[in-house]
Structures are given as C-alpha cells and as structure tokens.
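Everything in the sequence shown is counted per UniProt numbering, starting at 1 for the first residue and increasing by one. The C-beta atom is built at its ideal place from N, Cα and C for all residues, glycine as well. The model shown is predicted, which means the values in this text are computed figures rather than measured ones. Before any comments, here is the structure.
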Amino acid sequence: MIQPASTVLETKAADIELVHVSKQYGDSLAVDAIDLRIDGGQYCCLLGPSGCGKTSTLRMIAGHESITDGDILIAGRNVTRAEPAARGTAMVFQNYALFPHLSALDNVAFSLKMRGIAKDVRRKRAGELLELVAMSAYAERKPAQLSGGQQQRVALARALLNQPGCLLLDEPLSALDPFLRVQMRAELKRWQKELGITFVHVTHSQEEAMALADLVVVMSHGRIEQSGTPHEVFNRPRTEFVARFLGGHNVFNTNGRSFTVRADHLRVVPHGITPVQNASGDNGMTRIGGVPCTVREAEYQGTHLRVTLDPLDGSPELVSLVSDGDYDPARLGPEARVVVWWEERDAHPLAA
C-alpha cells in the first residue's frame, strides 16, 4: 500500500491545456492543431495506432520535443518555451532508462547527487520513494537483478523525486508480459489515485486505456477523433474510426446513414427464424436488421463465443457475442446460414 501522498509527495495536481498545438517533422504533420484540456488529478490516456501523434503530443507536454505552433499551459502557466525541468512534470520512458551499474536506490537518488545534495539526505529521500512503491527490499539490487515490473517501480520512484504535478508515461506497460501487464495496470491506477497527481499515459491498447483512464483521448493522423470518459467513448463513438479502433462494434452504412451496433447487442438467429419479441414488447422499441449472413467462425471465450459473420451482400464482416448457454453449434456454427437483428435503441449514429 502506498503511503499517503502528504507524507512523501507534497505537490499539487496540475491541469494541462493544449491550445491549437501542432508538430511538423519536415513535410510530415505529426500533430495537427489539437485542443485538449486535462483536469488536475485526472488519469488521461492518449490512445491510438502507431503514428497517430500520441507520443509526439506527450513529448511536447514534457518539453522533450519543440512545438511548431500553439501553446501548452500547465497549472495555468504557459510553458511552451520552458525547459523540461521548469514544467513541473516528470516522465517515465518506455524502456525505463535505468543506469545498469547503479543500485535501485542510487538510480532514484542520482539527480540529487548531480545537484550536490549530501549522501545521507539523498539516500533518505530515495529510500522514502522506494518505500512508496513497495521496493524497499530491493534497494541495493542492480536493474539486471529486477523483473520488468520492479524496474518500472524504480523508474516511477525516480520520476517522483522532484514532486511533479504531472507524471507522463510513454507506453509503460508495453514491455511486460500479459499477466504482469494486468497486475501493473492495477498498481498504476492505485498509485495515481493515492498520490492525487495528474497522469498522462500513452498507449495503443484499447483495454489498457479503458481500464485506467478517467479521460480517454483517441487520436488518428495527428488529430483528436474523440475524448471523453471510457464509458462515453465506448458506448457513443463519434466516428467510424473510433468505433472500429476500440473494437466491440459493428459499423453499418445504409441509405447514406452510418451507425454502430455493439457486438453484444447484435442478435444472431438461424435463417428463416424471427427473434422473439421481449416480454416488455410494449416499451416502444423497434427491432430492425434482418441481414442475412454466413457464420465464418465461432471462437469460444469462456462465458461467451465470438461469432464472426460474413454478410451475403459482401459488406464488411460483423461480430456478435453469443452467450455460451445460447450458442447452438448445429445452427450457429461455422458455415451456418443466419440472420442478424438489433433493437433500434442499440443503433448509435456516427458523424459523417
């Protein structure tokens, strides 16, 4: 358990505002005039595929990358031209960047040593931060003697040394194996809540962003496609890109209208059968659909099966999540002819 922030980390969460920020590398526009506000104390995930501009955005906030146009404000102060050390931020790099010849304790204390702080003072401070991230028992170990998750904790402790109001994390979980990734994800969330400072976290993992963030910012081709809470972004994707990138959605384009239906709301029935109306059929809901398909595959995933369908009209594949109890391999298995339906209330319109 992390100690209360007041005992080790005496700082105030910083709000961050990007105003029409752009970044150009030669002829390539990496970030295209984005506007974004992150409230103090929020956990924000910048989410998107490789090359979408999320890491460039993080590095501009940190001051490790100059901006081509626009302004960056942190805690109400314009830091656009400020050096990284003057911004009140700290960064945890993707590869952790620990000195291999130094112990965990000395890695954390290194910047204090460079500033001429007395050895006993800097080791005491570094020890407090290692205790903060439950690494006191490994203080004298070199990085090579630590697991990936333990190295990440050391890197986090080092980043907190100067009491930042905002912690910036560049794909901090990408180098970990899947089991450890889930464990460290939970710890990052707990640390952020207990420390109370602002976290900005770059990731390409939809699952990671949904699990961690208070604010999800989905980026594509240097622009922000949508920002909001995980619930808002997943349940009401604004564009086709967001719906497809997040997954779990089917996109339909009919009569000039684009909309999504979540995979768990798409019903699959054998060809020639009309689904039974719910008992609450007088609630004003209207069933629509009736798209004939062939089942391509049914993938068992524990509590449900992920059924992939090919519409007979050649439109893009559809996916339905069918509960294990409702799945009949004889009638819904591969190569079966089926029809998909959905309730009108489950169709979410997309922006043009």
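For residue i, count the other beta carbons within 10 Å of its own beta carbon; 16 or more makes it buried, fewer makes it exposed. Which is it?
| i | result |
| --- | --- |
| L350 | buried |
| G325 | exposed |
| G281 | Per-residue confidence for G281 stands at a pLDDT of 45, beneath the threshold of 50, marking its modelled position as unreliable; the derived number appears in the next sentence. It is exposed - the Cβ of G281 has fewer than 16 other Cβ atoms within 10 Å. |
| G165 | buried |
| H265 | buried |
| P172 | buried |
| V121 | exposed |
| Q42 | buried |
| F234 | buried |
| P230 | buried |
| R262 | buried |
| E335 | exposed |
| G303 | The question names Gly, but residue 303 in the sequence shown is Thr. That one is exposed. |
| residue 353 | Not covered by the structure: residue 353. The range shown for the chain is 1 to 352. |
| A345 | According to the sequence shown, residue 345 is Arg rather than Ala. Under this definition R345 is an exposed residue. |
| A330 | exposed |
| T274 | exposed |
| G284 | Residue placement at G284 is poorly supported in this model, since its pLDDT is 44, which falls under 50; the coordinates still yield a value, given next. By the 10 Å Cβ count, G284 comes out exposed. |
| R81 | exposed |
To which residues of the same chain is residue i closer than 6 angstroms at the C-beta, ignoring the five residues directly before and after it?
| i | result |
| --- | --- |
| A62 | P84, T89, M91, L168 |
| L29 | G222 |
| R87 | G63, I74, V79 |
| V54 | Residue identity check: residue 54 is Lys in the sequence provided, not Val. Hits under 6 angstroms: L46, G48, V202, M219. |
| D214 | Q42, Y43 |
| P178 | none |
| V155 | Reading the sequence as shown, one finds Ala at residue 155 and not Val. Result list for A155: V92, Y96, in chain order. |
Taking Cβ positions only, does residue i come closer than 7 angstroms to chain B?
| i | result |
| --- | --- |
| T274 | Protein chains in the displayed structure number just one, and chain B is not present. |
Taking residue i as part of the beta strand (DSSP E), name the residues at either end of that continuous run.
| i | result |
| --- | --- |
| E343 | 337-343 |
| A347 | 347-349 |
| N253 | 249-254 |
| V108 | That residue, V108, is in no beta strand (DSSP E); its alpha helix (DSSP H) goes 104-114. |
| L321 | 318-323 |
| R238 | Segment: none, R238 is in no beta strand (DSSP E) and carries neither H nor E. |
| S258 | 257-262 |
| D310 | 304-311 |
| R267 | 267-270 |
Leaving out the 5 sequence neighbours to the left and right, which residues in its chain are closer than 7 angstroms to residue i when beta-carbon positions are compared?
| i | result |
| --- | --- |
| L58 | L46, L168, D170, V200, V202 |
| L130 | A104, L105, V108, S136, A139, A157 |
| G310 | Reading the sequence as shown, one finds Asp at residue 310 and not Gly. Excluding positions up to five away in sequence, the list reads C293, T294, R296, E317. |
| R236 | H348 |
| Q151 | Y96, L98, P143 |
| L176 | G148, G149, M184 |
| E207 | none |
Hey, quick one: how far does the alpha helix (DSSP H) through residue i stretch, first residue to last?
| i | result |
| --- | --- |
| P329 | 329-332 |
| F234 | 230-235 |
| R125 | 119-132 |
Could you tell me if the beta carbon of residue i falls within a distance shorter than 6 angstroms of some heavy atom in the ligand GDP?
| i | result |
| --- | --- |
| A126 | The ligand content of the structure shown is nil, which means the ligand GDP is not present either. |
Can you give me the Cβ contacts of residue i inside the same chain, cut-off strictly under 8 angstroms, excluding the 5 residues immediately before and after it?
| i | result |
| --- | --- |
| V251 | E240, A243, R244, S258, F259, T260, P316, L350 |
| Q94 | D170, E171, P172, S174, A175 |
| G333 | V295, A298 |
Since I believe residue j is in contact with residue i (beta carbons under 8 angstroms), could you give me their beta-carbon distance rounded to a whole number of angstroms?
| i | j | result |
| --- | --- | --- |
| G272 | V340 | Their Cβ separation, rounded to whole angstroms, is 14 angstroms, which puts G272 and V340 out of contact at 8 angstroms. |
| D35 | S22 | Their Cβ separation, rounded to whole angstroms, is 11 angstroms, which puts D35 and S22 out of contact at 8 angstroms. |
| residue 360 | V338 | Residue 360 is absent from the structure shown; the chain starts at 1 and stops at 352. |
| I16 | I38 | 4 angstroms |
| G196 | A13 | 6 angstroms |
**Study point:** 4-residue-minimum alpha helix (DSSP H) runs that sit fully inside the stretch 144-225, ordered along the chain
**Key:** Under the rule that a run must span 4 or more residues, the alpha helix (DSSP H) segments found entirely inside the stretch 144-225 read 148-159, 178-195, 206-212.
**Study point:** Complete runs of the alpha helix (DSSP H) confined to the stretch 19-95 [at least 4 residues]
**Key:** Here the runs fully enclosed are 54-62.
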